[in-house]
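Novice: Structure provided below as structure tokens; questions to follow.
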Amino acid sequence: MIDLGLSKIAIIGVVALIVIGPEKLPRVARMAGTLYGRAQRYLNQVKSEVSREIEMEELKNLQKEVQDAAQSVKQSVEKSMHGVENSISGNLAEVENAWRGDSTSYAGHDDGHDAHEAMLRATNDDLARKAREFRRKKLVRNSAVPGWYKQRHGGKTHVQSAAARVARFRPRASSSSFYS
Numbered sequence: 002m003i004d005l006g007l008s009k010i011a012i013i014g015v016v017a018l019i020v021i022g023p024e025k026l027p028r029v030a031r032m033a034g035t036l037y038g039r040a041q042r043y044l045n046q047v048k049s050e051v052s053r054e055i056e057m058e059e060l061k062n063l064q065k066e067v068q069d070a071a072q073s074v075k076q077s078v079e080k081s082m083h084g085v086e087n088s089i090s091g092n093l094a095e096v097e098n099a100w101r102g103d104s105t106s107y108a109g110h111d112d113g114h115d116a117h118e119a120m121l122r123a124t125n126d127d128l129a130r131k132a133r134e135f136r137r138k139k140l141v142r143n144s145a146v147p148g149w150y151k152q153r154h155g156g157k158t159h160v161q162s163a164a165a166r167v168a169r170f171r172p173r174a175s176s177s178s179f180y181s
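The opening position of the sequence shown corresponds to residue 2 in the working numbering, with each subsequent residue numbered one higher.
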């Protein structure tokens, strides 16, 4: 841009004072300052708009790259899912064939049937035990009585407010006084 030093500005000021005159110089200087401020604001707006456009273009390119990557990942997942489905269906067919082969070879025996019932009974017993444990743990977890109180008294005998519990378990002051 224009290189204006202090000496050049002083020379311009003296020439403007001679040409314009002392009466109109303040008004002209104010108008020049206003125009200079407007020009700076306009340049800043243009710069910010250009940088915003560049950022938008970069974001569009990044979005396109991400979409391409996502599409390739989707295709690879679909291929692997297709392979897994094929292997599962093949294994399922093998298991069904083995099951049919086992059930026809043991048609006269009840040993397989008894073992199957015993496994179901064990599973039902395990489920009942787990349900009891869950209810017990949930009760302990959701209980309103603090653990230290339960340990000290062995269980909840009656409901007591928090203030009453604090008053009950606060250490007592000794009866000795300073004035005796």
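Note that the Cβ used here is the ideal one computed from N, Cα and C, for glycine as well. Keep in mind that this is a model prediction, so the values were computed, not measured.
Leu36 by DSSP, collapsed to three states: which one?
Specialist: DSSP places Leu36 in helix when its eight states are reduced to three.
Novice: When DSSP labels each residue in this structure, what does Asp126 get in the three-state scheme?
Specialist: Looking at Asp126 - three-state DSSP - the assignment turns out to be helix.
Novice: Looking at Ser29: is its Cβ nearer than 9 Å to the Cβ of Ala11?
Specialist: Contrary to the premise, residue 29 reads as Val rather than Ser in this sequence. No. Outside cutoff.
Novice: State yes or no: is the C-beta of Arg173 within less than 9 Å of the C-beta of Gln161?
Specialist: Not a contact, by the Cβ cut-off of 9 Å.
Novice: Looking only at its own chain, which residues have a Cβ that is under 7 Å from the Cβ of Gln46, when we skip the five neighbours before and after it?
Specialist: Within the same chain, Gln46 has no close Cβ partners at all.
Novice: Might you give, ordered along the chain, the residues of its own chain that have their beta carbon closer than 8 Å to the beta carbon of Arg101, omitting 5 neighbours on each side?
Specialist: The answer is none, since no qualifying residue turns up.
Novice: Determine the DSSP secondary structure at Asp4, reduced to helix, strand or coil.
Specialist: In the structure shown, Asp4 sits in coil (DSSP, three-state: anything other than H, G, I, E or B).
Novice: For the alpha helix (DSSP H) containing Ala168, name the first residue and the last one.
Specialist: That run of the alpha helix (DSSP H) goes Ala163 to Phe170.
Novice: State the Cα-Cα distance for the pair Asn125 and Lys131, rounded to the nearest angstrom.
Specialist: Answer to the nearest angstrom: the Cα atoms are 10 Å apart.
Novice: Can you tell me whether DSSP reads Glu79 as helix, strand or coil?
Specialist: The answer is helix: DSSP assigns Glu79 an H, G or I state.
Novice: Should Arg171 and Tyr150 be called a contact, given that it needs their Cβ atoms to be closer than 9 Å?
Specialist: Their beta carbons are not under 9 Å apart, which means Arg171 does not touch Tyr150 by this criterion.
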